[in-house]
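Trainee:
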Amino acid sequence: MIVLGINSDGNKRRTAAAVQALNVSYPILLDNLKNVSRSYQVDKMPVTVLIDRQGTVRYVATGFRQGSEKLYTDKLRELLEE
């Protein structure tokens, strides 16, 4: 499994500060030209996209609310068991 964060706000300094403040331990891709966002038709932030081993998008969630972590964990487990 690979976890990546994608930031498309174009501000490298602000991104670095947020990564440090939130103690993010996974790589962050700077998508200043929004190429990745367009490829996955992402127009809102935050968005969670789960992609299977074949590269097929299997789950998309826009926004974040309390309790989302369990849902994401359950969806990840389903994909990993396939």
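The opening position of the sequence shown corresponds to residue 2 in my numbering, with each subsequent residue numbered one higher.
Glycine included, every Cβ here is placed at the ideal spot set by N, Cα and C.
May I ask which residues mark the beginning and end of the alpha helix (DSSP H) holding Asn36?
Mentor: 36–40
Trainee: When you compare the segment 3–13 with the segment 31–38, are there three or more beta-carbon pairs, one atom per stretch, that lie closer than 8 Å?
Mentor: yes
Trainee: Following the continuous beta strand (DSSP E) through Val48, name the residue where it begins and the one where it ends.
Mentor: 48–52
Trainee: Beta-carbon within less than 6 Å of Tyr41's beta-carbon, same chain only, minus the 5 sequence neighbours each way: which residues are those?
Mentor: Val50
Trainee: Tell me the DSSP bridge mates of Ala62?
Mentor: Thr49
Trainee: Using a threshold of 9 Å, state whether the C-beta atoms of Arg54 and Lys76 are closer than that.
Mentor: no
Trainee: Give the straight-line distance between the Cα atoms of Thr57 and Glu79, rounded to the nearest whole angstrom.
Mentor: In a straight line, the C-alpha of Thr57 is about 14 Å away from that of Glu79.
Trainee: Distance check for Ala18 and Thr74, CA to CA, integer angstroms please.
Mentor: 26 Å
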